[in-house]
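Protein chains: 2
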Amino acid sequence: MDKPVFEPLTVESLPGRLADIAALDGNLGPADTWKVREVGDGNLNLVFIVEGDRGAVVVKQALPYVRLVGDSWPLPLKRSFFEYHALTRQNARDPGMVPAIHHFDEAQALIIMDYLSPHVILRRALIEGRQLPELARHMGLFMARTLFRGSDLAMDTAKRKADLALFAGNVELCDITESLVFTDPYFDAPRNRHTSPELDRIVARLRADRDLKVAAQHMKHLFCANAQTMVHGDLHSGSIMVTDTETKVIDPEFAFYGPMALDTGMYFSNLWMSYFSQRGHEADGSREAMRQWLLATIVEAWAVFREEFSRLWREERNGILYRRELFEDQGDWLGAEQALDHFLAGLWADTLGFAGVEMHRRILGLAHNADFESIEDTGLRARCETGALELGRHLAVNRRRIHSIEEVNALAERIYAAVVAR
Amino acid sequence: MDKPVFEPLTVESLPGRLADIAALDGNLGPADTWKVREVGDGNLNLVFIVEGDRGAVVVKQALPYVRLVGDSWPLPLKRSFFEYHALTRQNARDPGMVPAIHHFDEAQALIIMDYLSPHVILRRALIEGRQLPELARHMGLFMARTLFRGSDLAMDTAKRKADLALFAGNVELCDITESLVFTDPYFDAPRNRHTSPELDRIVARLRADRDLKVAAQHMKHLFCANAQTMVHGDLHSGSIMVTDTETKVIDPEFAFYGPMALDTGMYFSNLWMSYFSQRGHEADGSREAMRQWLLATIVEAWAVFREEFSRLWREERNGILYRRELFEDQGDWLGAEQALDHFLAGLWADTLGFAGVEMHRRILGLAHNADFESIEDTGLRARCETGALELGRHLAVNRRRIHSIEEVNALAERIYAAVVAR
């Protein structure tokens, strides 16, 4: 039988083409009751919401190019395959934290999954100044569980190697990160843009900053070569959907085997950027409580992460690394604790390194974030952005000599007072 | 057509089965002139030397189990596939340093390559006290070129990722290293053995040494997760053949994408072990010059390695890491030098870490080396082994705080005087 030809869905063609999928009947009801609307998911894909008598689903379809740019920027359909496999693994490692999948069609690069409602994108909630009481705990647990359980600390290593080989095919999406995150921001690359002329001076200074460039390339090397675990790969506040009580992590199409600290660093970085951007979304001092909540949620998430990672280290360390034969079975449980401390110390330094680079690429590179972009007063926006740029530089260069997350927060507050609030 | 069934060769069946291979006619002459003899290659495979009117070749065939142990220890034929692909890549990266391949038969797990004569195994030459004037230069260049050119410093990254996925299938041979090198030596594992009772006390001490165990597991994590480049994977003095003027690296069936420092560390480790073992092969002080030559050849190989790696960094750094756009193209060539210094500093520390672990596994684990094993006086052997164990512990634990290779040599000499020569 011939392989079916890829065809992009449209609002009109969708019910006819998906009517036969049994799982949809259960979730939606008969196809002639479906209401379909298209929603942009941001940059890359087609996304439809389909509502029927019995419920609603999201249909996400990859296109053979970047949706936002058009066919001048081709991007393989296979990213849908990686997203599907990443979602299944994440769901096994931290059940319920990703949308349930109802159907996957590899040839049509199509994933049908839960429609999350009334969830909103975390980035949007943060811009609106919403505090989310469960966020820190959910994300701390999610990061600890997915990162630990996908590594040689827990997995059967033959399975991990097979999985690593599978995800090594996600070349084009890794290439986006390799270029747009780790390289372009640090020189005058054609795809870059920044708030100009306000940031011109600091941008010139950062691009002439030798220590920063060397640090960013060190982090890039870790990204490329340090295949510790299956990472989400794009864990910013646009990849998380929230209500006051629920958190769901979406869009893992950038998943691959990489360093644990990529996910933790990118996540915290986006919260620190939100911290600096709040000033652009307040009329008066009304966001001060939000700023304090952001710093507190960072502290809490890191504490939850460390605690859960440590619990898994003690209870689920059944992979080939740091085997119990060497430690607990010899009565040397304190040796396992020492190894845990060393492990977390490395993860901490790398977390700060990736956090710093992420701040730079969001302000100097191609893919900016709405936290800053939606601040219309460019002078104010530039002040907020400068705060993040300065913190990012400090973290990337000094990542191995920073004591605690409280110290980073204290520095963020000093930078805020000196640069943003003035 | 059915896939041909794997059949082990014998001295008798070989000429008939290989007579039709065109490349052999050119290298050997007609099959009815061939003389075939089997030689053990050590532990894993069948190896035949075939001589004809016009020359000689080696025929190496994998068996579905470990030759030395028998079919109770199965090992996949596919290791021959990885060896073949590793040889072709090494030959492209440092031409002439591996045996030329005349034929590869995947189904028969068979590689036909140059018969190296009058080359001998480096380990044998060192035990005999032979100084090899070109060894340091050849091995320094080989390690720099293969390790640099297989990494994202030089390779097209899509090709490197495809290659990484290919070699991720070499699970069983990586498992041997993961278990026998990094884990078993550090507890009382069933496959271990050591010179007993002479070493019992130090073995107990090392297995109770928390810092050492944590360090060894850190190195194991790098082995498993740090996919920097295609490494040889088993670069000890039994994998190198030498004459006074030529050096050839053989047997890369353990190849995979791993840390650069694995190869450098294992190589230097075997030279330091040779240094300690010389005492067991001298009647009087006749090996003092050999000991000094060994220390000098270590210094020279590391200098050649650094020099060549640095040259490649400056001239062939065309991969996605540390791109010229960020450094040289901005006039910041000194930034590229700073990055090189940082890179080599990390490689140095990891080299010492892997070197230390390799010393331990050769004395405490399953696979001992002839340098020590051939010393019949077990008291003397244990003293030589103790020297290596002590140095190995020092290197593994203190790897990040050791200044230079000269300092390691000086320490080796102090340990030799205190422990071995007494």
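Heads up: the protein sequence lines correspond to chains A and B, in order.
Residues in the first sequence are numbered from 1 upward in steps of one, following our numbering.
Residues in the second sequence are numbered from 1001 upward in steps of one, following our numbering.
Even glycine gets a Cβ: it sits at the ideal position worked out from N, Cα and C.
Item                                                                                                                                                                        : Value
Would you say T183/A faces chain B, with C-beta separation under 8 Å as the test?                                                                                           : yes
Verify the CB distance criterion: does I1202/B have a CB-CB separation below 8 Å to chain A?                                                                                : no
For Y275/A, which residues of its own chain have a beta-carbon under 7 Å away from its beta-carbon, when the five flanking residues on both sides are left out?             : R291, L294, L295 and A412
Can we say the region 304 to 322 of chain A touches the region 142 to 152 of chain A, given the rule of at least three CB pairs closer than 8 Å?                            : yes
Quick one, which residues of the region 1369 to 1398 of chain B are near chain A if we go by CB-CB under 9 Å, in chain order?                                               : none
On the three-state DSSP scale, how would you describe F254/A?                                                                                                               : coil
Any Cβ of chain A within less than 8 Å of the Cβ of V1066/B?                                                                                                                : no
For V249/A, which of V120/A, A189/A and T183/A has the nearest alpha-carbon?                                                                                                : V120/A
Tell me, which residues are paired with L70/A by DSSP?                                                                                                                      : The sequence shown places Gly at residue 70/A, rather than the Leu named in the question. DSSP, once it has assigned bridges, lists V66/A as partnering G70/A.
Could you check whether L18/A and H85/A sit closer than 8 Å to each other, using their CB atoms as the reference points?                                                    : no
Which residues of the region 302 to 325 of chain A have a Cβ closer than 7 Å to any Cβ of chain B? Give them in chain order.                                                : I320, L321, Y322, R323 and E325
Rounded to a whole number of angstroms, what is the C-alpha to C-alpha distance between K161/A and F254/A?                                                                  : 18 Å
Any beta carbon from chain B within less than 8 Å of K220/A's own beta carbon?                                                                                              : yes
Drop a sphere of 10 angstroms on the beta-carbon of E325/A, count the other beta-carbons inside from all chains shown, and report buried for 16 or more, exposed for fewer. : exposed
Would you list the residues sitting across from M1241/B in a DSSP beta bridge?                                                                                              : I1121/B and K1248/B
Quick one: what's got a C-beta closer than 7 Å to T993/B's C-beta in the same chain, skipping five residues either side?                                                    : Chain B is shown from 1001 up to 1422; residue 993/B falls before or after that span and cannot be answered.
Counting only beta-carbon atoms, is D156/A nearer than 8 Å to chain B?                                                                                                      : no
Helix, strand or coil for N1226/B per DSSP?                                                                                                                                 : strand
Okay, do the region 1023 to 1034 of chain B and the region 1048 to 1060 of chain B touch, 3+ Cβ pairs below 8 Å being the bar?                                              : yes
For N270/A, return the contacting residues in chain B, with the cut-off set at a CB-CB distance below 9 Å.                                                                  : Under the 9 Å cutoff, chain B gives no residues; its nearest Cβ is about 24 Å from N270/A.
Should K248/A be flagged as near chain B, meaning a C-beta pair shorter than 8 Å?                                                                                           : no
Closest to L116/A by C-alpha separation, out of V242/A, A421/A and R401/A, would be which residue?                                                                          : V242/A
Could you pull the start and end residues of the alpha helix (DSSP H) that I1101/B belongs to?                                                                              : Segment I1101 to D1105 is the beta strand (DSSP E) holding I1101/B; no alpha helix (DSSP H) there.
Which residue wins for smallest C-alpha separation from G265/A, given the options D234/A, A410/A and R67/A?                                                                 : D234/A
Using 8 Å as the limit for Cβ to Cβ distance, is F148/A near chain B?                                                                                                       : no
Helix, strand or coil for F48/A? Go by DSSP, reduced to three states.                                                                                                       : strand
Mind listing the chain B neighbours of K161/A? Cutoff is C-beta to C-beta under 7 Å, in chain order.                                                                        : A1168 and V1171
Hey, could you find the ends of the beta strand (DSSP E) R37/A is sitting in?                                                                                               : K35 to E38
Is G1335/B close to chain A? Criterion is C-beta to C-beta, closer than 8 Å.                                                                                                : yes
Are there 16 or more other CB atoms within 10 angstroms of the CB of T434/A, so buried, or fewer, so exposed?                                                               : Lying before the first or after the last residue shown, residue 434/A is absent from chain A, which here runs from 1 to 422.
Find the residues of chain B that neighbour V214/A, judging by a C-beta separation of less than 7 Å, and give them in chain order.                                          : G1335, Q1338, A1339 and H1342
In terms of residue numbering, what span does the beta strand (DSSP E) encompassing Q61/A cover?                                                                            : A56 to Q61
Between L1122/B, E1128/B, R1201/B and A1023/B, which lies nearest to I1101/B when the distance is taken from Cα to Cα?                                                      : A1023/B
Using a beta-carbon distance below 8 Å, is Y1186/B in contact with chain A?                                                                                                 : yes
With a CB to CB cut of under 6 Å and the five nearest residues on each side skipped, what residues in its chain are close to L1132/B?                                       : V1242
L347/A and M260/A look like a contact to me (Cβ under 8 Å); what is the Cβ gap, rounded to whole Å?                                                                         : 6 Å
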